[in-house]
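See structure below.
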Amino acid sequence: MEYYNWILAFHVMSFVSWMAMLFYQPRLYVYHAENADNQGFVKVVEIQEYKLIKYIGTPAMWATILSGGAMLWLNPGLFHSGGWLHAKILFVLLLIAYHFSLEYHRRKLLANPAYKPGKFYRFYNEVPTLLMIGIVIFVVVKPF
874 MEYYNWILAF HVMSFVSWMA MLFYQPRLYV YHAENADNQG FVKVVEIQEY
924 KLIKYIGTPA MWATILSGGA MLWLNPGLFH SGGWLHAKIL FVLLLIAYHF
974 SLEYHRRKLL ANPAYKPGKF YRFYNEVPTL LMIGIVIFVV VKPF
């Protein structure tokens, strides 16, 4: 337990980094879809999409998962502290699925910028916000 607080701090920092990507990536998809006729702009956005998910988002996701796993390994009693942890893990699994769906949509946009309209990505952009709200409430308030 000596390093638990350091791992917790790293977990929070990696989660914040991961969430930043999850918030911004769909916004790039909006720009991509709504400016398909401007090839120069689209090329720049495609580079940003790739770098954001590959160099920031995916490493931050794995850092979040590994640090969270380390905390559970160091303190397995958390599993018996109430249903909040199980709900948090469920929401994190949904965030992971959302993360991989962003890569799916990125590849679809590369093949066809008109794959989905910008409005779709504007709504899709709200998913991580709702999941993050749930995760924070489960961890801080521990409602059950």
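All letters in the sequence shown, in the order written, are residues 874 to 1017 by the numbering used here.
Using N, Cα and C, we set each Cβ at its ideal position, and we do this for glycine too.
> Among the residues of its own chain, which have a CB less than 6 Å from the CB of Leu-967, if the five just before and after it don't count?
Replying inline: Leu-1004
> When the distance is taken between beta carbons, is Pro-899 closer than 8 Å to Tyr-988?
Replying inline: The answer is no: Cβ separation not under 8 Å.
>> Measuring alpha carbon to alpha carbon, tell me which residue in Ile-1010, Leu-895, Val-1009, Phe-888 is nearest Ser-940.
In response: Phe-888
>> Taking a contact to mean a Cβ-Cβ separation below 8 Å, would you say Glu-922 touches Arg-979 in this structure?
In response: yes
> With C-beta atoms as the reference, is Ala-960 less than 8 Å away from Phe-1011?
Replying inline: By the CB criterion at 8 Å, Ala-960 and Phe-1011 fall inside the cutoff.
>> Check this for me: beta carbons of Met-894 and Ala-933, under 8 Å apart or not?
In response: Taking the C-beta atoms as reference points, Ala-933 is found nearer than 8 Å to Met-894.
> Which term fits Pro-1016, buried or exposed, when burial requires 16 or more other beta carbons within 10 angstroms of its beta carbon?
Replying inline: exposed
> Helix, strand or coil: which one does DSSP assign to Gly-950?
Replying inline: Gly-950 falls in the helix class under three-state DSSP.
> Can you find a heavy atom of the ligand ADP that lies under 7 Å from the Cβ of Val-965?
Replying inline: This structure does not include the ligand ADP; it has no bound ligands of any sort.
> With C-beta atoms as the reference, is Phe-896 less than 8 Å away from Pro-990?
Replying inline: no
>> In whole angstroms, give me the CA-to-CA distance for Leu-975 and Ala-984.
In response: Straight through space, the alpha carbons of Ala-984 and Leu-975 are spaced by roughly 14 Å.
> Where Val-1014 and Gly-955 are concerned, what is the direct C-alpha to C-alpha distance, given to the nearest angstrom?
Replying inline: Using only the alpha carbons, I get a separation of about 12 Å.
>> Between His-972, Leu-958, Glu-999, Trp-879, which has its C-alpha nearest Tyr-931's C-alpha?
In response: Per the sequence shown, residue 931 should be read as Thr rather than Tyr. When only C-alpha atoms are compared, the closest one is His-972.
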